[in-house]
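The structure appears below as C-alpha coordinates.
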Amino acid sequence: MLKTPCFRKISPAAAVALAAILAGGAILAWWAAAQAALPAGLVRALLVLLIVLFGFVFVMLRRTDAGIRAQQAELRESEQQSKALFMDSPVSILIHDRDTGAIVDANPMACSLFHSERQYRAMVENANDIVYSLTPEGTFRYVSPNWTTMLGHDVRQVEGCNFALFVHPEDVATCQEFLEKVLTSGQKQSGVEYRVRHTDGSWRWHTSNVSALRDCEGRITSHIGISRDITDRKQMEQSLLAANAELEQTVEALESANCALEEFNHLAKSATRAKSEFLANMSHEIRTPMTAILGFADVLLGEPGIDRAPPERVEAIRTIQRNGKYLLQLINDILDLSKIEAGKLHVERTTCSPGQVLDEVAALMRVRADAKGLPLKLEYAGGIPEVIQCDPLRLQQILINLVGNAVKFTETGSVRMVARLLRPPGKPALLQVEVIDTGIGLTAEQASRLFRPFSQVDSSTARKFGGTGLGLTISKRFAELLGGDIALHSEPGKGSTFSVTVETGDLEGVRLLDGPTEAVTPAAPAPAAGNAAPPLRLDGRILLAEDGPDNQRLIAFVLKKAGAEVTVAENGQVALD
(Lines of atoms letter the chains of each structure in order from A and count residues from 1; the text may use other names and numbers.)
(Lines give C-alpha, C1' and ligand atoms only; values in the text may rest on other atoms or scores of the structure.)
Protein backbone atom coordinates (compact mmCIF):
# COMPACT_ATOMS: atom_id res chain seq x y z
CA MET A 1 0.00 0.00 0.00
CA LEU A 2 2.92 2.31 0.70
CA LYS A 3 3.97 2.02 -2.96
CA THR A 4 0.70 3.43 -4.17
CA PRO A 5 0.83 6.93 -5.63
CA CYS A 6 -1.27 8.33 -2.77
CA PHE A 7 1.25 7.29 -0.12
CA ARG A 8 4.15 8.53 -2.25
CA LYS A 9 2.58 11.94 -2.25
CA ILE A 10 2.63 12.07 1.62
CA SER A 11 5.20 14.60 2.69
CA PRO A 12 7.46 14.03 5.70
CA ALA A 13 5.59 16.72 7.67
CA ALA A 14 2.19 15.04 7.08
CA ALA A 15 3.57 11.65 8.15
CA VAL A 16 4.92 13.14 11.39
CA ALA A 17 1.55 14.76 12.11
CA LEU A 18 -0.30 11.51 11.48
CA ALA A 19 2.03 9.58 13.83
CA ALA A 20 1.51 12.22 16.52
CA ILE A 21 -2.29 11.92 16.22
CA LEU A 22 -2.19 8.16 16.49
CA ALA A 23 0.12 8.25 19.50
CA GLY A 24 -2.05 10.83 21.21
CA GLY A 25 -5.20 8.78 20.56
CA ALA A 26 -3.59 5.67 22.02
CA ILE A 27 -2.48 7.49 25.16
CA LEU A 28 -5.91 9.06 25.54
CA ALA A 29 -7.60 5.64 25.17
CA TRP A 30 -5.31 4.10 27.77
CA TRP A 31 -5.99 6.90 30.23
CA ALA A 32 -9.73 6.63 29.71
CA ALA A 33 -9.61 2.89 30.23
CA ALA A 34 -7.65 3.36 33.43
CA GLN A 35 -10.18 5.88 34.74
CA ALA A 36 -13.09 3.64 33.94
CA ALA A 37 -11.47 0.78 35.82
CA LEU A 38 -11.46 -1.33 32.75
CA PRO A 39 -10.32 -4.84 33.05
CA ALA A 40 -6.56 -5.39 32.86
CA GLY A 41 -6.91 -7.47 29.74
CA LEU A 42 -8.63 -4.64 27.93
CA VAL A 43 -5.93 -2.18 28.97
CA ARG A 44 -3.18 -4.46 27.76
CA ALA A 45 -5.03 -4.86 24.47
CA LEU A 46 -5.15 -1.07 24.08
CA LEU A 47 -1.43 -0.81 24.78
CA VAL A 48 -0.61 -3.43 22.19
CA LEU A 49 -2.78 -1.63 19.73
CA LEU A 50 -1.02 1.60 20.52
CA ILE A 51 2.41 0.01 19.97
CA VAL A 52 1.29 -1.49 16.67
CA LEU A 53 -0.01 1.83 15.47
CA PHE A 54 3.21 3.56 16.46
CA GLY A 55 5.28 0.96 14.60
CA PHE A 56 3.09 1.31 11.58
CA VAL A 57 3.60 5.06 11.49
CA PHE A 58 7.36 4.62 11.97
CA VAL A 59 7.62 2.23 9.03
CA MET A 60 5.48 4.48 6.90
CA LEU A 61 7.74 7.42 7.61
CA ARG A 62 10.84 5.43 6.63
CA ARG A 63 9.27 4.34 3.37
CA THR A 64 8.12 7.85 2.57
CA ASP A 65 11.65 9.26 3.12
CA ALA A 66 13.14 6.65 0.77
CA GLY A 67 10.60 7.56 -1.88
CA ILE A 68 11.41 11.23 -1.60
CA ARG A 69 15.10 10.48 -2.06
CA ALA A 70 14.41 8.39 -5.13
CA GLN A 71 12.26 11.13 -6.57
CA GLN A 72 15.05 13.68 -6.06
CA ALA A 73 17.50 11.36 -7.83
CA GLU A 74 15.10 11.05 -10.76
CA LEU A 75 14.76 14.83 -10.91
CA ARG A 76 18.51 15.29 -10.98
CA GLU A 77 18.84 12.77 -13.75
CA SER A 78 16.08 14.49 -15.67
CA GLU A 79 17.84 17.85 -15.29
CA GLN A 80 21.08 16.39 -16.62
CA GLN A 81 19.27 14.96 -19.62
CA SER A 82 17.60 18.32 -20.24
CA LYS A 83 20.95 20.12 -20.09
CA ALA A 84 22.39 17.60 -22.54
CA LEU A 85 19.52 18.34 -24.90
CA PHE A 86 19.60 22.14 -25.02
CA MET A 87 22.73 23.35 -23.20
CA ASP A 88 24.62 23.98 -26.49
CA SER A 89 21.59 24.86 -28.55
CA PRO A 90 21.41 28.51 -29.83
CA VAL A 91 17.60 28.31 -29.47
CA SER A 92 16.32 30.32 -26.53
CA ILE A 93 14.14 28.38 -24.04
CA LEU A 94 12.13 30.89 -22.12
CA ILE A 95 10.62 30.16 -18.65
CA HIS A 96 8.02 32.36 -17.03
CA ASP A 97 8.88 33.24 -13.42
CA ARG A 98 5.53 33.28 -11.49
CA ASP A 99 6.95 35.25 -8.59
CA THR A 100 8.48 38.16 -10.60
CA GLY A 101 6.46 37.81 -13.81
CA ALA A 102 9.72 38.02 -15.87
CA ILE A 103 10.59 35.86 -18.85
CA VAL A 104 13.95 34.19 -18.17
CA ASP A 105 16.11 32.51 -20.84
CA ALA A 106 17.00 29.11 -19.47
CA ASN A 107 19.65 28.49 -22.23
CA PRO A 108 23.14 29.53 -20.97
CA MET A 109 24.60 29.64 -24.48
CA ALA A 110 21.78 31.85 -25.66
CA CYS A 111 22.35 34.10 -22.64
CA SER A 112 26.05 34.31 -23.46
CA LEU A 113 25.34 35.16 -27.07
CA PHE A 114 22.81 37.75 -25.98
CA HIS A 115 25.28 39.45 -23.62
CA SER A 116 28.09 39.28 -26.19
CA GLU A 117 25.84 40.88 -28.80
CA ARG A 118 24.95 43.69 -26.41
CA GLN A 119 28.63 44.20 -25.55
CA TYR A 120 29.80 44.35 -29.18
CA ARG A 121 26.88 46.56 -30.17
CA ALA A 122 27.84 49.00 -27.41
CA MET A 123 31.46 48.93 -28.62
CA VAL A 124 30.41 49.58 -32.24
CA GLU A 125 28.02 52.40 -31.34
CA ASN A 126 30.60 54.11 -29.11
CA ALA A 127 33.56 53.74 -31.52
CA ASN A 128 35.10 56.83 -33.15
CA ASP A 129 35.05 55.14 -36.57
CA ILE A 130 32.14 54.01 -38.72
CA VAL A 131 31.42 50.27 -38.71
CA TYR A 132 29.40 48.94 -41.63
CA SER A 133 28.36 45.73 -43.36
CA LEU A 134 27.99 45.33 -47.13
CA THR A 135 26.52 42.62 -49.28
CA PRO A 136 28.85 41.19 -51.92
CA GLU A 137 27.08 43.50 -54.39
CA GLY A 138 27.94 46.59 -52.32
CA THR A 139 24.62 47.27 -50.57
CA PHE A 140 24.70 48.47 -46.96
CA ARG A 141 23.21 45.96 -44.51
CA TYR A 142 24.24 47.78 -41.38
CA VAL A 143 25.74 51.17 -40.61
CA SER A 144 26.80 52.28 -37.12
CA PRO A 145 25.28 55.46 -35.69
CA ASN A 146 28.60 57.30 -36.19
CA TRP A 147 27.62 57.67 -39.84
CA THR A 148 25.01 60.21 -38.78
CA THR A 149 27.45 61.97 -36.47
CA MET A 150 30.26 62.18 -39.04
CA LEU A 151 28.39 62.55 -42.33
CA GLY A 152 24.94 63.77 -41.35
CA HIS A 153 22.91 61.03 -43.09
CA ASP A 154 20.25 59.09 -41.17
CA VAL A 155 21.40 55.47 -40.96
CA ARG A 156 17.93 54.34 -41.98
CA GLN A 157 18.43 56.20 -45.27
CA VAL A 158 21.79 54.52 -45.77
CA GLU A 159 20.92 50.89 -45.01
CA GLY A 160 19.68 49.12 -48.11
CA CYS A 161 21.42 51.59 -50.47
CA ASN A 162 24.47 50.94 -52.62
CA PHE A 163 27.70 52.51 -51.41
CA ALA A 164 28.22 54.22 -54.81
CA LEU A 165 25.42 56.69 -53.94
CA PHE A 166 27.58 58.24 -51.22
CA VAL A 167 31.09 57.91 -52.69
CA HIS A 168 32.66 60.52 -55.00
CA PRO A 169 32.18 59.48 -58.65
CA GLU A 170 35.93 59.58 -59.25
CA ASP A 171 36.50 57.11 -56.38
CA VAL A 172 33.74 54.56 -57.14
CA ALA A 173 35.93 52.45 -59.45
CA THR A 174 38.70 52.38 -56.83
CA CYS A 175 36.25 51.16 -54.16
CA GLN A 176 34.75 48.53 -56.46
CA GLU A 177 38.22 47.22 -57.31
CA PHE A 178 39.02 47.13 -53.61
CA LEU A 179 35.88 45.11 -52.75
CA GLU A 180 36.56 42.77 -55.67
CA LYS A 181 40.00 42.12 -54.21
CA VAL A 182 38.37 41.17 -50.90
CA LEU A 183 35.99 38.78 -52.69
CA THR A 184 38.80 37.24 -54.74
CA SER A 185 41.35 36.78 -51.98
CA GLY A 186 38.90 36.27 -49.11
CA GLN A 187 41.38 38.08 -46.90
CA LYS A 188 41.38 41.38 -45.09
CA GLN A 189 42.31 44.37 -47.25
CA SER A 190 43.21 47.80 -45.91
CA GLY A 191 44.28 51.25 -46.96
CA VAL A 192 41.75 52.26 -49.63
CA GLU A 193 41.11 56.02 -49.59
CA TYR A 194 38.01 57.67 -51.02
CA ARG A 195 35.71 60.66 -50.57
CA VAL A 196 32.27 60.40 -48.95
CA ARG A 197 29.53 62.99 -49.42
CA HIS A 198 28.41 64.99 -46.38
CA THR A 199 24.87 66.33 -46.09
CA ASP A 200 26.27 69.89 -46.27
CA GLY A 201 27.57 69.15 -49.79
CA SER A 202 31.22 68.79 -48.86
CA TRP A 203 33.33 65.72 -49.42
CA ARG A 204 35.13 64.03 -46.53
CA TRP A 205 38.14 61.79 -47.03
CA HIS A 206 37.87 58.30 -45.51
CA THR A 207 39.98 55.16 -45.41
CA SER A 208 38.62 51.64 -44.88
CA ASN A 209 39.74 48.21 -43.72
CA VAL A 210 37.42 45.48 -45.03
CA SER A 211 37.16 41.76 -44.15
CA ALA A 212 35.05 38.99 -45.70
CA LEU A 213 32.40 37.22 -43.58
CA ARG A 214 31.71 33.57 -44.50
CA ASP A 215 28.82 31.19 -43.75
CA CYS A 216 29.06 27.58 -42.50
CA GLU A 217 29.84 26.36 -46.00
CA GLY A 218 32.68 28.89 -46.51
CA ARG A 219 30.83 31.19 -48.89
CA ILE A 220 31.33 34.94 -48.52
CA THR A 221 28.03 36.44 -47.46
CA SER A 222 29.03 40.00 -46.63
CA HIS A 223 31.82 42.51 -46.07
CA ILE A 224 32.55 43.93 -42.65
CA GLY A 225 34.37 47.26 -42.80
CA ILE A 226 35.68 50.03 -40.55
CA SER A 227 35.84 53.52 -42.04
CA ARG A 228 37.93 56.34 -40.54
CA ASP A 229 37.80 60.05 -41.35
CA ILE A 230 41.22 61.24 -42.62
CA THR A 231 40.14 64.63 -43.99
CA ASP A 232 42.48 66.57 -41.70
CA ARG A 233 45.41 64.38 -42.71
CA LYS A 234 44.61 64.74 -46.41
CA GLN A 235 44.29 68.50 -46.07
CA MET A 236 47.67 68.56 -44.32
CA GLU A 237 49.13 66.38 -47.07
CA GLN A 238 47.66 68.67 -49.72
CA SER A 239 49.07 71.68 -47.86
CA LEU A 240 52.46 69.97 -47.71
CA LEU A 241 52.21 69.08 -51.40
CA ALA A 242 51.31 72.68 -52.22
CA ALA A 243 54.17 73.92 -50.05
CA ASN A 244 56.48 71.38 -51.67
CA ALA A 245 55.35 72.46 -55.12
CA GLU A 246 55.89 76.08 -54.14
CA LEU A 247 59.29 75.14 -52.74
CA GLU A 248 60.16 73.33 -55.95
CA GLN A 249 59.09 76.40 -57.92
CA THR A 250 61.24 78.52 -55.64
CA VAL A 251 64.16 76.13 -56.10
CA GLU A 252 63.65 76.21 -59.85
CA ALA A 253 63.49 80.00 -59.73
CA LEU A 254 66.65 80.07 -57.63
CA GLU A 255 68.37 77.64 -59.98
CA SER A 256 67.26 79.75 -62.92
CA ALA A 257 68.46 82.87 -61.13
CA ASN A 258 71.70 81.09 -60.28
CA CYS A 259 72.17 80.12 -63.91
CA ALA A 260 71.43 83.70 -64.92
CA LEU A 261 73.83 84.91 -62.23
CA GLU A 262 76.51 82.53 -63.44
CA GLU A 263 75.92 83.79 -66.96
CA PHE A 264 76.09 87.38 -65.76
CA ASN A 265 79.19 86.50 -63.75
CA HIS A 266 80.72 84.95 -66.84
CA LEU A 267 79.79 88.02 -68.83
CA ALA A 268 81.18 90.23 -66.06
CA LYS A 269 84.41 88.27 -65.99
CA SER A 270 84.56 88.44 -69.75
CA ALA A 271 83.94 92.16 -69.56
CA THR A 272 86.61 92.48 -66.86
CA ARG A 273 89.06 90.53 -68.98
CA ALA A 274 88.12 92.60 -72.00
CA LYS A 275 88.55 95.77 -69.95
CA SER A 276 91.90 94.57 -68.60
CA GLU A 277 93.06 93.62 -72.08
CA PHE A 278 91.79 96.93 -73.41
CA LEU A 279 93.58 98.85 -70.65
CA ALA A 280 96.75 96.86 -71.22
CA ASN A 281 96.58 97.43 -74.96
CA MET A 282 95.74 101.09 -74.56
CA SER A 283 98.50 101.52 -71.98
CA HIS A 284 100.93 99.96 -74.41
CA GLU A 285 99.65 102.05 -77.31
CA ILE A 286 99.82 105.24 -75.24
CA ARG A 287 103.24 104.37 -73.89
CA THR A 288 104.66 104.15 -77.42
CA PRO A 289 103.99 107.81 -78.34
CA MET A 290 104.88 108.85 -74.79
CA THR A 291 108.31 107.37 -75.36
CA ALA A 292 108.73 109.60 -78.39
CA ILE A 293 107.46 112.66 -76.52
CA LEU A 294 109.74 112.17 -73.54
CA GLY A 295 112.65 111.11 -75.74
CA PHE A 296 112.54 114.16 -78.00
CA ALA A 297 112.06 116.37 -74.94
CA ASP A 298 115.27 114.90 -73.53
CA VAL A 299 116.96 115.38 -76.94
CA LEU A 300 115.94 119.01 -77.07
CA LEU A 301 117.11 119.64 -73.53
CA GLY A 302 120.42 117.93 -74.36
CA GLU A 303 121.13 119.89 -77.55
CA PRO A 304 124.29 121.98 -77.57
CA GLY A 305 123.57 125.63 -76.89
CA ILE A 306 120.28 124.94 -75.08
CA ASP A 307 121.49 127.20 -72.33
CA ARG A 308 121.49 130.06 -74.85
CA ALA A 309 117.95 129.35 -76.01
CA PRO A 310 115.10 131.64 -74.92
CA PRO A 311 113.92 130.78 -71.37
CA GLU A 312 110.29 130.41 -72.54
CA ARG A 313 111.33 127.72 -75.04
CA VAL A 314 113.31 125.81 -72.41
CA GLU A 315 110.41 126.05 -69.93
CA ALA A 316 108.01 124.79 -72.58
CA ILE A 317 110.25 121.78 -73.23
CA ARG A 318 110.55 121.11 -69.49
CA THR A 319 106.72 121.37 -69.16
CA ILE A 320 106.32 118.79 -71.93
CA GLN A 321 108.84 116.56 -70.18
CA ARG A 322 107.23 116.94 -66.72
CA ASN A 323 103.67 116.31 -67.85
CA GLY A 324 104.85 113.46 -70.06
CA LYS A 325 106.41 111.76 -67.03
CA TYR A 326 103.21 112.32 -65.02
CA LEU A 327 101.12 110.89 -67.83
CA LEU A 328 103.48 107.94 -68.10
CA GLN A 329 103.04 107.30 -64.35
CA LEU A 330 99.24 107.27 -64.80
CA ILE A 331 99.60 104.83 -67.66
CA ASN A 332 101.78 102.61 -65.53
CA ASP A 333 99.16 102.67 -62.74
CA ILE A 334 96.37 101.70 -65.13
CA LEU A 335 98.50 98.91 -66.55
CA ASP A 336 99.32 97.64 -63.06
CA LEU A 337 95.64 97.67 -62.05
CA SER A 338 94.61 95.81 -65.19
CA LYS A 339 97.25 93.18 -64.51
CA ILE A 340 96.13 92.84 -60.87
CA GLU A 341 92.47 92.41 -61.84
CA ALA A 342 93.42 89.88 -64.50
CA GLY A 343 95.54 87.98 -61.94
CA LYS A 344 98.63 88.38 -64.10
CA LEU A 345 100.69 90.58 -61.82
CA HIS A 346 103.24 88.68 -59.76
CA VAL A 347 105.64 89.93 -57.12
CA GLU A 348 109.18 88.76 -56.56
CA ARG A 349 110.74 87.81 -53.24
CA THR A 350 114.40 88.60 -53.23
CA THR A 351 116.85 89.56 -50.53
CA CYS A 352 116.70 93.33 -50.15
CA SER A 353 117.49 96.02 -47.59
CA PRO A 354 114.34 97.66 -46.17
CA GLY A 355 116.46 100.48 -44.71
CA GLN A 356 117.83 101.32 -48.15
CA VAL A 357 114.32 101.29 -49.64
CA LEU A 358 113.08 103.62 -46.89
CA ASP A 359 116.05 105.97 -47.35
CA GLU A 360 115.56 106.13 -51.13
CA VAL A 361 111.86 106.91 -50.70
CA ALA A 362 112.63 109.62 -48.13
CA ALA A 363 115.29 111.16 -50.38
CA LEU A 364 113.01 111.08 -53.42
CA MET A 365 109.94 112.52 -51.67
CA ARG A 366 111.84 115.08 -49.63
CA VAL A 367 112.04 117.28 -52.73
CA ARG A 368 108.21 117.55 -52.84
CA ALA A 369 108.00 118.07 -49.08
CA ASP A 370 110.60 120.81 -49.16
CA ALA A 371 108.70 122.54 -51.94
CA LYS A 372 105.70 122.86 -49.56
CA GLY A 373 107.82 123.69 -46.54
CA LEU A 374 107.05 120.36 -44.81
CA PRO A 375 109.68 118.42 -42.88
CA LEU A 376 109.83 114.73 -43.89
CA LYS A 377 111.28 112.52 -41.14
CA LEU A 378 112.31 108.85 -41.16
CA GLU A 379 112.28 107.08 -37.78
CA TYR A 380 112.82 103.54 -36.46
CA ALA A 381 110.69 102.33 -33.54
CA GLY A 382 113.12 99.67 -32.36
CA GLY A 383 115.39 97.65 -34.56
CA ILE A 384 114.41 96.60 -38.08
CA PRO A 385 116.01 93.74 -40.07
CA GLU A 386 119.05 94.52 -42.15
CA VAL A 387 117.64 92.36 -44.97
CA ILE A 388 114.27 90.79 -45.69
CA GLN A 389 112.70 88.61 -48.41
CA CYS A 390 110.49 90.99 -50.37
CA ASP A 391 109.98 92.77 -53.70
CA PRO A 392 111.88 96.07 -53.25
CA LEU A 393 110.39 97.74 -56.32
CA ARG A 394 106.78 97.06 -55.21
CA LEU A 395 107.56 98.06 -51.61
CA GLN A 396 109.10 101.29 -52.88
CA GLN A 397 106.05 101.91 -55.11
CA ILE A 398 103.73 101.46 -52.10
CA LEU A 399 105.71 103.87 -49.91
CA ILE A 400 106.03 106.49 -52.66
CA ASN A 401 102.24 106.42 -53.09
CA LEU A 402 101.58 106.77 -49.36
CA VAL A 403 104.19 109.48 -48.74
CA GLY A 404 103.17 111.31 -51.91
CA ASN A 405 99.53 111.42 -50.73
CA ALA A 406 100.62 112.55 -47.26
CA VAL A 407 102.62 115.45 -48.75
CA LYS A 408 99.82 116.30 -51.20
CA PHE A 409 97.08 116.52 -48.55
CA THR A 410 99.14 118.26 -45.86
CA GLU A 411 99.49 122.06 -45.86
CA THR A 412 101.07 122.61 -42.42
CA GLY A 413 102.77 120.40 -39.89
CA SER A 414 104.95 117.47 -40.93
CA VAL A 415 105.10 114.03 -42.53
CA ARG A 416 106.76 111.13 -40.71
CA MET A 417 107.77 107.61 -41.72
CA VAL A 418 108.03 105.26 -38.71
CA ALA A 419 109.35 101.72 -39.28
CA ARG A 420 109.17 98.84 -36.80
CA LEU A 421 109.37 95.04 -36.68
CA LEU A 422 106.25 93.08 -35.62
CA ARG A 423 106.43 89.53 -34.32
CA PRO A 424 102.83 88.33 -33.84
CA PRO A 425 102.68 85.00 -31.94
CA GLY A 426 102.24 82.01 -34.19
CA LYS A 427 102.43 84.13 -37.35
CA PRO A 428 105.20 85.28 -39.73
CA ALA A 429 107.20 88.37 -38.80
CA LEU A 430 106.08 91.62 -40.44
CA LEU A 431 107.78 94.87 -41.35
CA GLN A 432 105.45 97.77 -40.57
CA VAL A 433 105.87 101.30 -41.92
CA GLU A 434 103.53 104.04 -40.71
CA VAL A 435 103.15 107.19 -42.79
CA ILE A 436 101.83 109.89 -40.43
CA ASP A 437 100.69 113.32 -41.62
CA THR A 438 98.92 116.33 -40.14
CA GLY A 439 96.75 116.94 -43.19
CA ILE A 440 93.03 117.31 -43.80
CA GLY A 441 92.07 113.88 -42.47
CA LEU A 442 89.09 111.73 -43.45
CA THR A 443 85.70 110.76 -42.05
CA ALA A 444 84.78 107.10 -41.56
CA GLU A 445 82.46 107.22 -44.59
CA GLN A 446 85.19 108.74 -46.77
CA ALA A 447 87.74 106.20 -45.52
CA SER A 448 85.42 103.32 -46.51
CA ARG A 449 85.62 104.42 -50.17
CA LEU A 450 89.32 105.18 -50.19
CA PHE A 451 90.63 101.87 -51.53
CA ARG A 452 88.12 101.53 -54.36
CA PRO A 453 89.46 101.91 -57.91
CA PHE A 454 88.94 105.31 -59.54
CA SER A 455 87.46 106.62 -56.26
CA GLN A 456 88.14 109.91 -54.48
CA VAL A 457 86.78 111.02 -51.11
CA ASP A 458 84.70 113.62 -52.96
CA SER A 459 84.65 115.49 -56.24
CA SER A 460 86.08 118.64 -54.74
CA THR A 461 89.16 116.74 -53.57
CA ALA A 462 89.71 115.43 -57.10
CA ARG A 463 89.45 118.93 -58.54
CA LYS A 464 91.69 120.52 -55.89
CA PHE A 465 94.40 117.87 -55.53
CA GLY A 466 94.07 115.88 -58.74
CA GLY A 467 94.69 112.17 -59.17
CA THR A 468 92.80 109.13 -60.48
CA GLY A 469 92.29 107.31 -57.19
CA LEU A 470 94.33 104.34 -58.40
CA GLY A 471 97.42 104.74 -56.24
CA LEU A 472 95.95 103.50 -52.94
CA THR A 473 94.06 100.66 -54.63
CA ILE A 474 97.23 99.40 -56.32
CA SER A 475 99.24 99.86 -53.13
CA LYS A 476 96.76 97.79 -51.11
CA ARG A 477 96.81 95.02 -53.71
CA PHE A 478 100.63 95.04 -53.70
CA ALA A 479 100.71 94.85 -49.90
CA GLU A 480 98.33 91.87 -49.94
CA LEU A 481 100.50 90.12 -52.54
CA LEU A 482 103.50 90.71 -50.25
CA GLY A 483 101.72 88.96 -47.34
CA GLY A 484 100.52 92.11 -45.55
CA ASP A 485 97.92 94.83 -45.77
CA ILE A 486 97.28 98.56 -45.48
CA ALA A 487 95.27 100.01 -42.58
CA LEU A 488 94.05 103.55 -42.04
CA HIS A 489 93.32 105.64 -38.97
CA SER A 490 92.16 109.19 -39.64
CA GLU A 491 90.32 112.09 -38.03
CA PRO A 492 88.98 115.06 -40.00
CA GLY A 493 91.21 118.10 -39.49
CA LYS A 494 93.82 116.17 -37.47
CA GLY A 495 95.56 114.10 -40.11
CA SER A 496 95.85 110.45 -41.12
CA THR A 497 98.04 107.44 -40.38
CA PHE A 498 98.51 104.85 -43.11
CA SER A 499 100.07 101.62 -41.83
CA VAL A 500 101.52 99.20 -44.39
CA THR A 501 102.81 95.73 -43.47
CA VAL A 502 104.74 93.15 -45.52
CA GLU A 503 106.14 89.75 -44.59
CA THR A 504 109.87 89.66 -43.90
CA GLY A 505 110.59 85.97 -44.43
CA ASP A 506 113.02 84.05 -42.23
CA LEU A 507 114.99 86.40 -39.92
CA GLU A 508 117.22 83.84 -38.28
CA GLY A 509 120.73 85.31 -38.01
CA VAL A 510 119.64 88.66 -39.49
CA ARG A 511 121.09 91.76 -37.78
CA LEU A 512 118.69 94.45 -36.55
CA LEU A 513 119.40 98.10 -37.33
CA ASP A 514 118.66 100.73 -34.70
CA GLY A 515 118.53 103.83 -36.89
CA PRO A 516 118.27 105.08 -40.49
CA THR A 517 121.94 106.10 -40.66
CA GLU A 518 123.03 102.44 -40.50
CA ALA A 519 121.03 101.59 -43.61
CA VAL A 520 122.34 104.35 -45.86
CA THR A 521 124.57 103.02 -48.62
CA PRO A 522 127.71 105.14 -48.97
CA ALA A 523 127.42 107.28 -52.07
CA ALA A 524 129.99 106.91 -54.82
CA PRO A 525 132.54 109.70 -54.83
CA ALA A 526 131.69 112.50 -57.20
CA PRO A 527 134.07 112.94 -60.13
CA ALA A 528 136.54 115.71 -59.71
CA ALA A 529 136.05 118.92 -61.63
CA GLY A 530 137.42 118.67 -65.11
CA ASN A 531 137.43 114.86 -64.93
CA ALA A 532 133.87 114.24 -66.17
CA ALA A 533 133.34 110.84 -67.67
CA PRO A 534 133.42 110.95 -71.44
CA PRO A 535 130.12 110.22 -73.22
CA LEU A 536 129.46 106.63 -74.26
CA ARG A 537 130.67 105.83 -77.79
CA LEU A 538 129.39 103.01 -79.97
CA ASP A 539 131.26 101.44 -82.87
CA GLY A 540 129.87 99.13 -85.48
CA ARG A 541 126.50 98.46 -87.09
CA ILE A 542 123.20 98.16 -85.19
CA LEU A 543 119.96 96.72 -86.64
CA LEU A 544 116.95 98.54 -85.14
CA ALA A 545 113.51 96.87 -85.39
CA GLU A 546 110.79 99.45 -84.60
CA ASP A 547 107.38 99.91 -86.18
CA GLY A 548 106.78 103.47 -84.98
CA PRO A 549 108.24 106.12 -87.31
CA ASP A 550 108.73 108.66 -84.50
CA ASN A 551 110.47 106.14 -82.30
CA GLN A 552 112.55 105.03 -85.30
CA ARG A 553 113.86 108.56 -85.72
CA LEU A 554 114.37 109.06 -81.96
CA ILE A 555 116.25 105.83 -81.32
CA ALA A 556 118.25 106.08 -84.57
CA PHE A 557 119.19 109.65 -83.66
CA VAL A 558 120.45 108.64 -80.18
CA LEU A 559 122.40 105.67 -81.56
CA LYS A 560 123.95 107.65 -84.42
CA LYS A 561 124.87 110.41 -81.98
CA ALA A 562 126.74 107.76 -79.98
CA GLY A 563 128.71 106.79 -83.14
CA ALA A 564 126.85 103.68 -84.34
CA GLU A 565 125.82 102.92 -87.90
CA VAL A 566 122.07 102.21 -87.74
CA THR A 567 119.91 100.14 -90.10
CA VAL A 568 116.16 100.42 -89.45
CA ALA A 569 113.67 97.56 -90.03
CA GLU A 570 109.93 98.26 -89.95
CA ASN A 571 109.10 95.05 -88.07
CA GLY A 572 110.53 91.84 -86.78
CA GLN A 573 110.08 89.90 -90.02
CA VAL A 574 112.02 92.50 -92.00
CA ALA A 575 114.72 92.46 -89.35
CA LEU A 576 114.90 88.64 -89.52
CA ASP A 577 115.10 88.69 -93.33
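Numbering (the numbering used here), first residue to last: 9 to 585.
By construction, the Cβ of each residue, glycine as well, lies at the ideal position given by its N, Cα and C atoms.
Here the structure is a predicted model, which is why all the values come from computation and not from measurement.
- In the three-state scheme derived from DSSP, where H, G and I count as helix and E and B as strand, aspartate 237 is classed as strand.
- Around the beta carbon of lysine 484, 16 or more other beta carbons sit within 10 angstroms, so the residue counts as buried.
- Residue burial annotation: methionine 244 is exposed, with fewer than 16 other C-beta atoms found within 10 angstroms of its C-beta.
- Apart from sequence neighbours up to five positions away, the residues of its chain that approach glycine 556 with a beta-carbon distance below 6 Å are Thr296, ordered along the chain.
- Three or more beta-carbon pairs separated by less than 8 Å link the stretch 419-439 to the stretch 381-400, which places the two stretches in contact.
- Remark: C-beta atoms of leucine 345 and isoleucine 444 do not approach each other more closely than 8 Å.
- Straight-line spacing of the CA atoms in isoleucine 448 and methionine 425 works out to 18 Å.
- In the structure shown, serine 210 adopts coil according to DSSP, grouped into three states.
- Three or more Cβ pairs closer than 8 Å define a contact, and the stretch 487-502 meets that threshold against the stretch 391-404.
- About 4 Å separates the beta carbons of serine 235 and isoleucine 138, which is inside the 8 Å limit, making them a contact pair.
- With a threshold of 16 other beta carbon atoms within 10 Å, asparagine 409 meets it and is buried.
- If the five residues before and after leucine 515 are omitted, its C-beta is found closer than 7 Å to the C-beta atoms of Pro393, Ala437, all from its own chain and listed in chain order.
- Here DSSP, grouped into helix, strand and coil, assigns cysteine 224 to coil.
- Taking a contact to require three or more Cβ pairs closer than 8 Å, the stretch 561-573 and the stretch 542-552 qualify as touching.
- Under DSSP, valine 576 takes part in a beta bridge, and its partners are Leu552.
- One thing to note: alanine 305 has its Cβ within 8 Å of the Cβ of isoleucine 325.
- Burial state of proline 433 is exposed, judged by a 10 Å Cβ sphere holding fewer than 16 other Cβ atoms.
- Listed in chain order, the non-local C-beta contacts of threonine 451 below 6 Å within the same chain comprise Pro500, local neighbours out to five positions each way being set aside.
- Distances from the alpha-carbon of phenylalanine 565 to those of Val307, Ala251, Trp155, Cys398 put Val307 closest.
- Scanning the stretch 374-428 for uninterrupted beta strand (DSSP E) segments of 3 residues or longer gives 384-388, 396-398, listed from N- to C-terminal end.
- Annotation for glutamine 560: Glu554, Val576 place their beta carbon closer than 6 Å to its own, counting only its chain and skipping 5 residues before and after.
- Residue pairing by DSSP places arginine 205 opposite Trp211 in a beta bridge.
- For the 8 Å CB-CB criterion, valine 423 and valine 411 form a contact.
- Using a C-beta cut-off of 8 Å, the stretch 217-226 makes contact with the stretch 184-204, since at least three inter-stretch Cβ pairs fall below that distance.
- Spatial neighbours of glycine 233 in its own chain (CB-CB distance under 8 Å, excluding positions within 5 residues in sequence) are listed in chain order as Val139, Tyr140, Ser141, Leu142, Ser216, Asn217, Val218, Ser219.
- Looking only at Lys277, His274, Glu201, Glu293, the smallest Cα-Cα distance to lysine 242 is reached by Glu201.
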